[in-house]
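Trainee: Per the working numbering, the very first residue in the sequence shown carries number 53; after that it's consecutive. Idealized CB from N, CA, C, for every residue including glycine. Note that the structure is predicted; figures quoted are calculated from it, not measured. Before anything else, here's the structure in question.
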Amino acid sequence: MAHSAIEEYRTLETAFFDATKKSERMSARFAAAACMGAGEIPDTLVRRTLRERDAINALKSGWRSPSTSMRLVYGAALAASKRDGGGLVKMMDTLAAERKRRGGRSLSSAGAPAALVMLCAGGSYSQSSMFFDILEEIAGPWWRRNPPAEETYAAMMAAGNETPATAKDRLEKARNALATAGVPKSARSKCEYDVAIAHPRTDDFTSAWTSLNVAVQQVRGLRQRASWAGLATLAAQVEDGSNAGDALIEADAFVRSLRPRITSMVAGKLAVRLAATMTGLRTPAGAAADYAAILAAQAAMIAATTAATTAAVVAAT
Numbered sequence: 053m054a055h056s057a058i059e060e061y062r063t064l065e066t067a068f069f070d071a072t073k074k075s076e077r078m079s080a081r082f083a084a085a086a087c088m089g090a091g092e093i094p095d096t097l098v099r100r101t102l103r104e105r106d107a108i109n110a111l112k113s114g115w116r117s118p119s120t121s122m123r124l125v126y127g128a129a130l131a132a133s134k135r136d137g138g139g140l141v142k143m144m145d146t147l148a149a150e151r152k153r154r155g156g157r158s159l160s161s162a163g164a165p166a167a168l169v170m171l172c173a174g175g176s177y178s179q180s181s182m183f184f185d186i187l188e189e190i191a192g193p194w195w196r197r198n199p200p201a202e203e204t205y206a207a208m209m210a211a212g213n214e215t216p217a218t219a220k221d222r223l224e225k226a227r228n229a230l231a232t233a234g235v236p237k238s239a240r241s242k243c244e245y246d247v248a249i250a251h252p253r254t255d256d257f258t259s260a261w262t263s264l265n266v267a268v269q270q271v272r273g274l275r276q277r278a279s280w281a282g283l284a285t286l287a288a289q290v291e292d293g294s295n296a297g298d299a300l301i302e303a304d305a306f307v308r309s310l311r312p313r314i315t316s317m318v319a320g321k322l323a324v325r326l327a328a329t330m331t332g333l334r335t336p337a338g339a340a341a342d343y344a345a346i347l348a349a350q351a352a353m354i355a356a357t358t359a360a361t362t363a364a365v366v367a368a369t
């Protein structure tokens, strides 16, 4: 019998498929992932998701962020957190006004991901100034900057009433945990903010990282699908590191069985998300999990667009 988290995802995916167009299948899958753990019946979550997407559409023209293809996933994250599309747009406008007042860099996707995380984590509009204070404190130099990850982390910390100093300290501890566990250096910058959000103890993280590396050797291609960064993120999020490997293997097998098929890169991201839920996702407020689903969906859209463009070029030549 499949794990309860897999059954929950299967039910949510079916509900979203039934309520959306076939062309929205990829978005629907990650909308289902964003709704996991919400504790409400799927039909209610789907209905609320569509309502929040409609609210975003009414307030934002199609060429503005979040992109039209992503609005279903944003709506799902808002629905799961009992927040609304109007609040998302207001938070985006608040962050934009604060950025204009202070000057400095523009936010990724016009601030939509940061606004979503602020809302899902229980943040308020009055915390926009603290968000930028934290962002300035933790941002890397321009040549190795990771804007979406930095902004997500700053939003989580601001919503949790953390100070810039505390946010920076947690980030340094995450970097130390990654190094101590032996995570490849090339992967650390891709996951250090996710690890900092989860804030694991170094010993727990190292144990879970070791278990996952043993597990991925048992299934061909699993390490490539999950990626070093995905494994490290999962190791930081799980409550029971000893079961993390078995959970990832089961989640990977389930995702690869889905039809229509999912590309290898996206399958790994979804499997990691499911495995985290199966082993007791401990990320606060669920906002990082919501954002993980959104990042995976964005990656899927980019991959699909790139594949279509490449095919068109090959056909033309």
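Should the region 139-147 be called in touch with the region 92-101, which here means at least 3 C-beta pairs below 8 Å?
Mentor: At 8 Å Cβ cutoff, the stretches do not touch.
Trainee: First and last residue of the alpha helix (DSSP H) that includes glutamine 276?
Mentor: What you label residue 276 is simply residue 224 of the sequence shown in a count that begins at 1. Here the alpha helix (DSSP H) through glutamine 276 covers 274-289.
Trainee: Where in the region 190-240 do unbroken runs of the alpha helix (DSSP H), each at least 4 residues long, occur, reported from the N-terminal end onward?
Mentor: Those alpha helix (DSSP H) runs which fall completely within the region 190-240 and span 4+ residues are 199-211 and 216-233.
Trainee: Let me know if proline 94 comes out buried or exposed under the rule of 16 or more other beta-carbons within 10 Å of its beta-carbon.
Mentor: Within the sequence shown, residue 94 is the residue found at index 42, counting from 1. Classification of proline 94: buried, given that the 10 Å Cβ count is 16 or more.
Trainee: Whole angstroms is fine: what's the gap from glycine 332's alpha carbon to glutamate 291's?
Mentor: Indexing the sequence shown from 1 puts residue 332 at position 280. Indexing the sequence shown from 1 puts residue 291 at position 239. Each residue's alpha carbon lies about 5 Å from the other.
Trainee: Mind checking whether proline 165 and aspartate 185 have CB atoms under 8 Å apart?
Mentor: As a first step, residue 165 is located in the sequence shown; it is residue number 113 there, counting from the start. As a first step, residue 185 is located in the sequence shown; it is residue number 133 there, counting from the start. Cβ distance not < 8 Å, so proline 165 and aspartate 185 don't count as in contact.
Trainee: If you check the beta carbons only, do leucine 147 and glycine 163 fall under 8 Å apart?
Mentor: Start at 1 with the first residue of the sequence shown, and residue 147 comes out as number 95. Start at 1 with the first residue of the sequence shown, and residue 163 comes out as number 111. For leucine 147 and glycine 163, yes; Cβs fall inside 8 Å.
Trainee: Who are the near neighbours of cysteine 243 in its chain, counting only those whose CB is closer than 7 Å to its CB and skipping five residues on each side?
Mentor: For the purposes of this step, residue 243 is identified with residue 191 of the sequence shown, where counting begins at 1. Same-chain partners within the cutoff: Ala281, Ala284 and Thr285.
Trainee: Considering only residues of the same chain and omitting the five flanking positions on each side of alanine 191, which have a CB-CB separation below 6 Å?
Mentor: Within the sequence shown, numbered from 1, the residue matching residue 191 stands at position 139. Cβ within range, chain order: Glu202.
Trainee: How about serine 158 and valine 125: do their beta carbons lie closer than 8 Å?
Mentor: Taking the sequence shown and counting its residues from 1, one reaches residue 158 at position 106. Taking the sequence shown and counting its residues from 1, one reaches residue 125 at position 73. No, the Cβ-Cβ distance between serine 158 and valine 125 is not below 8 Å.
Trainee: Using CA atoms only, rank isn't needed, just tell me which of Gly155, Leu300, Ser56 and Leu111 is closest to glutamine 269.
Mentor: Translated into the one-based positions of the sequence shown, residue 269 becomes position 217. Ranking Gly155, Leu300, Ser56 and Leu111 by Cα distance to glutamine 269 puts Leu300 first.
Trainee: Tell me which residues share the same chain as methionine 209 and place their Cβ nearer than 6 Å to its Cβ, disregarding the 5 neighbours each side in the sequence.
Mentor: Here residue 209 is taken as the residue at index 157 of the sequence shown, counted from 1. Ile186 and Ala219.
Trainee: With arginine 116 as the anchor, note down where its alpha helix (DSSP H) starts and where it stops.
Mentor: What you label residue 116 is simply residue 64 of the sequence shown in a count that begins at 1. Counting along the chain, arginine 116 falls outside any alpha helix (DSSP H), and DSSP gives it neither H nor E.
Trainee: Does the region 219-230 come close enough to the region 166-175 to have 3 or more Cβ pairs within less than 8 Å?
Mentor: The region 219-230 vs the region 166-175: no contact.
Trainee: Quick check on DSSP: helix, strand or coil for serine 181?
Mentor: Position 129 of the sequence shown, counted from the first residue, corresponds to residue 181. Note: serine 181 maps to helix in three-state DSSP.
Trainee: In three-state terms, what does DSSP make of glutamate 244?
Mentor: Here residue 244 refers to the residue found at position 192 when the sequence shown is read from its first residue. Correct three-state label for glutamate 244: helix.
Trainee: Among Gly297, Ser181, Ser161 and Thr72, which residue has its Cα nearest to the Cα of alanine 267?
Mentor: Residue 267 sits at position 215 when you count from the first residue of the sequence shown. When each option's Cα is compared against that of alanine 267, the closest is Gly297.
Trainee: If you reduce the DSSP assignment to three classes, tell me which class lysine 73 lands in.
Mentor: For the purposes of this step, residue 73 is taken as residue 21 along the sequence shown, with counting starting at 1. Coil.
Trainee: Quick check on proline 118: buried or exposed, where buried means 16 or more other Cβ atoms within 10 Å of its Cβ?
Mentor: Position 66 of the sequence shown, counting from 1, holds the residue named residue 118. Classification for proline 118: buried.
Trainee: So, helix, strand or coil for threonine 315, using DSSP?
Mentor: Your numbering for residue 315 matches position 263 in the sequence shown. Residue state, collapsed to three classes: coil.
Trainee: Please list, in chain order, all residues of the same chain as alanine 226 whose beta carbon is under 6 Å from its beta carbon, the five residues on each side excluded.
Mentor: Here the question's residue 226 lines up with position 174 in the sequence shown. Cβ within range, chain order: Glu244, Val247 and Ala248.
Trainee: Contact defined as beta carbons within less than 8 Å: I believe alanine 131 pairs with cysteine 87. What is the distance between those atoms, to the nearest angstrom?
Mentor: What you label residue 131 is simply residue 79 of the sequence shown in a count that begins at 1. What you label residue 87 is simply residue 35 of the sequence shown in a count that begins at 1. At roughly 7 Å, the Cβ-Cβ gap stays under 8 Å, so alanine 131 and cysteine 87 are in contact.
Trainee: Can a CB atom of chain C be found closer than 8 Å to the CB of leucine 102?
Mentor: Included in the structure is just one protein chain, with no chain C present.
Trainee: Beta carbon of glycine 91, beta carbon of threonine 329: below 8 Å?
Mentor: As a first step, residue 91 is located in the sequence shown; it is residue number 39 there, counting from the start. As a first step, residue 329 is located in the sequence shown; it is residue number 277 there, counting from the start. Cβ atoms of glycine 91 and threonine 329: not closer than 8 Å.
Trainee: Does DSSP put proline 252 in a helix, in a strand, or in coil?
Mentor: Start at 1 with the first residue of the sequence shown, and residue 252 comes out as number 200. It is coil, neither helix nor strand.
Trainee: Does the distance from the C-beta atom of leucine 102 to that of alanine 71 stay below 8 Å?
Mentor: In the sequence shown, counting from the first residue as 1, residue 102 sits at position 50. In the sequence shown, counting from the first residue as 1, residue 71 sits at position 19. Contact flag set, yes.
Trainee: Please report how far the alpha carbon of alanine 239 lies from the alpha carbon of proline 200, in whole angstroms.
Mentor: As a first step, residue 239 is located in the sequence shown; it is residue number 187 there, counting from the start. As a first step, residue 200 is located in the sequence shown; it is residue number 148 there, counting from the start. So the alpha carbons of these two residues sit roughly 16 Å apart.
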